[in-house]
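Colleague: Pasting in a structure now, in C-alpha cells, and then I'll have a few things to ask.
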Amino acid sequence: MSDIVVFANTAITIIGVVVLILRVKISPAIALVLGAIYLGLVSGLGPEQTIKSITTGFGDLMGEVGLLIAFGVLLGSLMASLGAIEQLVERLVRLFGPKTLPYAFGSTVGTVLQSIFADVLLVITAPLASRLSRQIGPHGAARMCAAMALGIEVGLVFVVPGVGAVALAGVLNLPFGKMFVFGLVTAVFTIVTTLALFTALAKRGLWNPKLDETEELPVADVEPPADRRFPPLALSLSPLLLALALIAFGAIAEMMGLSSPAVDFLGDPVIALLIGLVGALAIARWKLPKEQTEAAFKRGFHESGQILILTGVGGSLAQTVKDVGLGELLKDYFTTNTLVPLLLVWAVAAVLHIAVGSVVLASITAAGVLGPVMPMLGIDPVFVALAAGAGSLFVIHATSNTFWLLQTLLPQTTRGALKSVTLTVSAASVIAMIPIQLMAFLF
Numbered sequence: 011m012s013d014i015v016v017f018a019n020t021a022i023t024i025i026g027v028v029v030l031i032l033r034v035k036i037s038p039a040i041a042l043v044l045g046a047i048y049l050g051l052v053s054g055l056g057p058e059q060t061i062k063s064i065t066t067g068f069g070d071l072m073g074e075v076g077l078l079i080a081f082g083v084l085l086g087s088l089m090a091s092l093g094a095i096e097q098l099v100e101r102l103v104r105l106f107g108p109k110t111l112p113y114a115f116g117s118t119v120g121t122v123l124q125s126i127f128a129d130v131l132l133v134i135t136a137p138l139a140s141r142l143s144r145q146i147g148p149h150g151a152a153r154m155c156a157a158m159a160l161g162i163e164v165g166l167v168f169v170v171p172g173v174g175a176v177a178l179a180g181v182l183n184l185p186f187g188k189m190f191v192f193g194l195v196t197a198v199f200t201i202v203t204t205l206a207l208f209t210a211l212a213k214r215g216l217w218n219p220k221l222d223e224t225e226e227l228p229v230a231d232v233e234p235p236a237d238r239r240f241p242p243l244a245l246s247l248s249p250l251l252l253a254l255a256l257i258a259f260g261a262i263a264e265m266m267g268l269s270s271p272a273v274d275f276l277g278d279p280v281i282a283l284l285i286g287l288v289g290a291l292a293i294a295r296w297k298l299p300k301e302q303t304e305a306a307f308k309r310g311f312h313e314s315g316q317i318l319i320l321t322g323v324g325g326s327l328a329q330t331v332k333d334v335g336l337g338e339l340l341k342d343y344f345t346t347n348t349l350v351p352l353l354l355v356w357a358v359a360a361v362l363h364i365a366v367g368s369v370v371l372a373s374i375t376a377a378g379v380l381g382p383v384m385p386m387l388g389i390d391p392v393f394v395a396l397a398a399g400a401g402s403l404f405v406i407h408a409t410s411n412t413f414w415l416l417q418t419l420l421p422q423t424t425r426g427a428l429k430s431v432t433l434t435v436s437a438a439s440v441i442a443m444i445p446i447q448l449m450a451f452l453f
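In C-alpha cells:
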C-alpha cells in the first residue's frame, strides 16, 4: 500500500472521528473505536488483526495507567472531603501578598492538586478564587480567573497524576516519574509566564471590569460554610504530599541511576499513590463520619469510570495507527531536527482540540499518531507527550465543559471568559513550547 493511501486513510479516520462526535453526536468512546476499525480494515490489517490492535491498545494502556488514574481520583476525592483544598488556599492567602497570590494559587492548582479530578477541583476551588478576587486589588478578578484557568488546564496535561499527563505517559510508554519531572518544570514556567503576560495586558486595557466581570459573586460563593470543621492542614495534606514526594524521589533516582528493589518499589507512581490513598482513607475514617468517607469513595469511582473508558479507547486508536505502519512512513519525511517534528505534534493536537473540544482526547490522539516515529529521529518521547499536551490547550472554547464552569463559577461574563480562558490558555499553549523545545535540544 502506498504512502499516500496510508496518510489519506489516517486523515480520513481523524476527520471521521471528529464528525461523528460533533455532527452525529456519538460518544467519543464509540467514535474512537469506530475510527480504529475503519483505519485497520481499509489499511489492510484485516478483521482479525484490527480487532487485536483495538483490544491490545486498550488493554496495554489500561495496564499502564488504569490503577494510576483510579487511585489518583480516589485520593483526590478523599482530599476534598478532608477539606485540604480550602485550608491550603487559606494558607496561601496568609503567606503571599496580593501581588503574588495569583501566581501561587495558579501554580498550586496546577501541580499539588492535580490528583483531584479537574471538574471536582474546579468546583471546590472556584468559590475560593471568587472571594479572593475581591481582596487583591485592581484587576483582582481578572488575575484570579486567569490563574484558575491556567492551573486547571495546564496541570491537567503536564503534571502527573493529572489525567491528561497520565494518559499521555501511558500512550507513549513513558516512565511516569520522568513525565512528572519534565512536566512539572513545563507547567510552572508556563503558568507563571502566561499569568505575568496576561496581568500586563489586563492593566493596559485588555480587561474591562464593566464588561468582563459580574457585579456580584455567584450566590453560593458569597460566604464560606461556617459550620464545617476539618482536620489540621498538615494532617489532611500529608497523604498527597507523601505520594508526590515518592514519585519525585523515584524519578530523580532513576535519572541518577540509583536503583534498588526498595527504591524502584516505593518510587513507582502506582505504589506511591496507593500509599497516599491508604493514608488518606485512614485519616478520613479517623476524622470524618463513616457516611462522608463512603460518599467520597462513591464519587471517586463514578468520576474515574468515564476517564478510564475514554483513555482506553484512545489507546486502541493509537495502537491501530502504529500497526498500520504510519510511524515508519513518517520518519522518511523528517530530519533529526527536533523543531519541526515537535511543532507538528503541537499543530495536530491543536487542530483536534479546536474540532472536538476535549483536551485529553486531542492530546492522546496526536501523541498516538505521531509518537511512534519520534524515537527514530532521536527525540525523547517525553517531549512528544509535552508537545501534544501543549497543543491540546489551544483555543479552549464553547465546546468545552470547563469553559462554562470557569465562566459561571467565577465572577466573569462570557466576554471575560473568552479572555481569561480562551485567550490566556491559548497563549499558554504557545508559551509552553519554549521550555519543551529547549529541553528537547538539551536532553
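All letters in the sequence shown, in the order written, are residues 11 to 453 by my numbering. Ideal Cβ positions, reconstructed from N, Cα and C, are used throughout, including at glycine.
Let's see if you can read the secondary structure: which residues bound the alpha helix (DSSP H) around residue 38?
Modeller: Taking the first residue of the sequence shown as position 1, residue 38 is located at position 28. It spans 38 to 52 - the alpha helix (DSSP H) in which residue 38 sits, taken as one unbroken run.
Colleague: Answer yes or no: the CB of residue 93 versus the heavy atoms of the ligand NAP, is any distance below 6 Å?
Modeller: Ligands are entirely absent from the displayed structure, and the ligand NAP is therefore not among its contents.
Colleague: Could you give the DSSP three-state label for residue 120: helix, strand or coil?
Modeller: Taking the first residue of the sequence shown as 1, we reach residue 120 at position 110. Residue 120: helix per DSSP, three-state reduction.
Colleague: Expressed to the nearest angstrom, what Euclidean distance is found between the alpha-carbon atoms of residue 28 and residue 397?
Modeller: Here residue 28 corresponds to residue number 18 of the sequence shown, with the count starting at 1. Here residue 397 corresponds to residue number 387 of the sequence shown, with the count starting at 1. Their backbone Cα atoms lie some 21 Å apart in a straight line.
Colleague: Can you tell which of 414, 328, 390 has the C-alpha that lies nearest to the C-alpha of residue 49?
Modeller: As a working note, residue 49 is residue 39 in the sequence shown. Closest option to residue 49, Cα to Cα, is 328.
Colleague: If the criterion is Cβ atoms closer than 7 Å, does the pair residue 393 and residue 446 meet it?
Modeller: On the sequence shown, position 383 is the one that residue 393 refers to. On the sequence shown, position 436 is the one that residue 446 refers to. For residue 393 and residue 446, yes; Cβs fall inside 7 Å.
Colleague: Roughly how many angstroms lie between the CA atoms of residue 416 and residue 212, to the nearest whole one?
Modeller: As a working note, residue 416 is residue 406 in the sequence shown. As a working note, residue 212 is residue 202 in the sequence shown. Between the alpha carbons of residue 416 and residue 212 lies a gap of roughly 18 Å.
Colleague: Are the CB atoms of residue 136 and residue 419 nearer to each other than 7 Å?
Modeller: In the sequence shown, the residue the question calls residue 136 occupies position 126. In the sequence shown, the residue the question calls residue 419 occupies position 409. Yes. Within cutoff.
Colleague: May I ask you to verify whether the region 270 to 289 touches the region 35 to 45, counting CB pairs closer than 8 Å and requiring at least 3?
Modeller: No: fewer than three Cβ pairs fall under 8 Å.
Colleague: Apart from the five residues just before and just after residue 309, which ones in its own chain have a Cβ nearer than 7 Å to its Cβ?
Modeller: Here residue 309 is taken as the residue at index 299 of the sequence shown, counted from 1. Excluding residues up to 5 positions away in sequence, 87 lie with their Cβ nearer than 7 Å to the Cβ of residue 309 in the same chain.
Colleague: With distances taken between CB atoms, is the gap from residue 108 to residue 61 smaller than 7 Å?
Modeller: What you label residue 108 is simply residue 98 of the sequence shown in a count that begins at 1. What you label residue 61 is simply residue 51 of the sequence shown in a count that begins at 1. No; because the gap between Cβ atoms is not below 7 Å, this pair is not in contact.
Colleague: Go ahead and pull the three-state DSSP assignment for residue 13.
Modeller: As a position in the sequence shown, residue 13 is number 3, starting the count at 1. Note: residue 13 maps to helix in three-state DSSP.
Colleague: Restricting to Cα atoms, I'd like to know which of 18, 354, 77, 93 is closest to residue 131.
Modeller: The residue you call residue 131 lines up with position 121 of the sequence shown. It is 93 whose Cα lies nearest to the Cα of residue 131.
Colleague: Work out the CA separation of residue 311 and residue 303 for me, nearest whole Å.
Modeller: To locate residue 303, count along the sequence shown from 1; it is residue 293. To locate residue 311, count along the sequence shown from 1; it is residue 301. So the alpha carbons of these two residues sit roughly 13 Å apart.
Colleague: Between which two residues does the alpha helix (DSSP H) harbouring residue 307 extend?
Modeller: Locating residue 307 in the sequence shown gives position 297, counting from the first residue. Start and end: 300 to 333.
Colleague: Assuming residue 166 contacts residue 369 (C-beta within less than 8 Å), just tell me the rounded distance between them.
Modeller: Walking along the sequence shown from the start, residue 166 turns up at place 156. Walking along the sequence shown from the start, residue 369 turns up at place 359. Residue 166 to residue 369, Cβ: 6 Å. Contact.
Colleague: Out of curiosity, what's the CA-to-CA distance linking residue 258 and residue 277?
Modeller: Residue 258 sits at position 248 when you count from the first residue of the sequence shown. Residue 277 sits at position 267 when you count from the first residue of the sequence shown. In a straight line, the C-alpha of residue 258 is about 7 Å away from that of residue 277.
Colleague: Determine the burial state of residue 158: buried for a count of at least 16 other Cβ atoms within 10 Å of its Cβ, exposed for fewer.
Modeller: Position 148 of the sequence shown, counting from 1, holds the residue named residue 158. Classification for residue 158: buried.
Colleague: DSSP three-state label for residue 188, please.
Modeller: Here residue 188 is taken as the residue at index 178 of the sequence shown, counted from 1. It is helical.
Colleague: With H, G and I counted as helix, E and B as strand and the rest as coil, what does DSSP make of residue 25?
Modeller: Mapped onto the sequence shown, residue 25 falls at position 15. In the structure shown, residue 25 sits in a helix (DSSP, three-state: H, G or I).
Colleague: Closest to residue 361 by CA distance: which of 24, 123, 154 is it?
Modeller: Position 351 of the sequence shown, counted from the first residue, corresponds to residue 361. For the residues 24, 123, 154, the minimum Cα distance to residue 361 belongs to 24.
Colleague: Closest to residue 354 by C-alpha separation, out of 381, 184, 269, 79, would be which residue?
Modeller: What you label residue 354 is simply residue 344 of the sequence shown in a count that begins at 1. That would be 381, whose Cα lies nearest to the Cα of residue 354.
Colleague: From which residue to which residue does the alpha helix (DSSP H) around residue 145 run?
Modeller: Mapped onto the sequence shown, residue 145 falls at position 135. Element bounds for residue 145: n/a, residue is neither H nor E.
Colleague: Judging by CA-CA distance, which residue of 85, 46, 99, 335 is the nearest neighbour of residue 67?
Modeller: Start at 1 with the first residue of the sequence shown, and residue 67 comes out as number 57. Closest option to residue 67, Cα to Cα, is 46.
Colleague: For the candidate residues 102, 282, 124, whose alpha-carbon lies nearest to that of residue 460?
Modeller: Given a span of 11 to 453 for the chain in the structure shown, any question on residue 460 remains unanswerable.
Colleague: Along the chain, where does the alpha helix (DSSP H) that runs through residue 296 open and close?
Modeller: Along the sequence shown, one-based indexing puts residue 296 at 286. Per DSSP, residue 296 belongs to the alpha helix (DSSP H) from 279 to 297.
Colleague: Who are the Cβ neighbours of residue 395 in its own chain at under 7 Å, not counting the five residues just before and after it?
Modeller: Here residue 395 refers to the residue found at position 385 when the sequence shown is read from its first residue. 178, 179, 182, 184, 189, 377, listed in sequence order.
Colleague: State yes or no: is the C-beta of residue 391 within less than 7 Å of the C-beta of residue 140?
Modeller: Walking along the sequence shown from the start, residue 391 turns up at place 381. Walking along the sequence shown from the start, residue 140 turns up at place 130. No, they are not a contact pair.
Colleague: Starting from residue 223, follow the alpha helix (DSSP H) in both directions and report where the run begins and ends.
Modeller: In the sequence shown, counting from the first residue as 1, residue 223 sits at position 213. Residue 223 -> no alpha helix (DSSP H), and no H or E assigned at all.
Colleague: Let me know the secondary structure DSSP gives residue 373 once reduced to three states.
Modeller: Your numbering for residue 373 matches position 363 in the sequence shown. Here residue 373 sits in helix by DSSP.
Colleague: Determine the DSSP secondary structure at residue 109, reduced to helix, strand or coil.
Modeller: Along the sequence shown, read from residue 1 onward, the residue named residue 109 stands at position 99. The answer is coil: DSSP assigns residue 109 none of H, G, I, E or B.
Colleague: Could you check where the alpha helix (DSSP H) with residue 445 kicks off and where it finishes?
Modeller: Sequence index remark: in the sequence shown, residue 445 carries index 435 (1-based). Run containing residue 445: 443 to 452, per the alpha helix (DSSP H) assignment.
Colleague: For residue 439 and residue 281, I'd like the C-alpha separation in whole angstroms.
Modeller: Here the question's residue 439 lines up with position 429 in the sequence shown. Here the question's residue 281 lines up with position 271 in the sequence shown. Each residue's alpha carbon lies about 32 Å from the other.
Colleague: One question on the structure: do residue 261 and residue 208 come within less than 7 Å of each other, judged by their Cβ atoms?
Modeller: As a first step, residue 261 must be located in the sequence shown, where it is residue number 251. As a first step, residue 208 must be located in the sequence shown, where it is residue number 198. Going by C-beta atoms, residue 261 is not nearer than 7 Å to residue 208.
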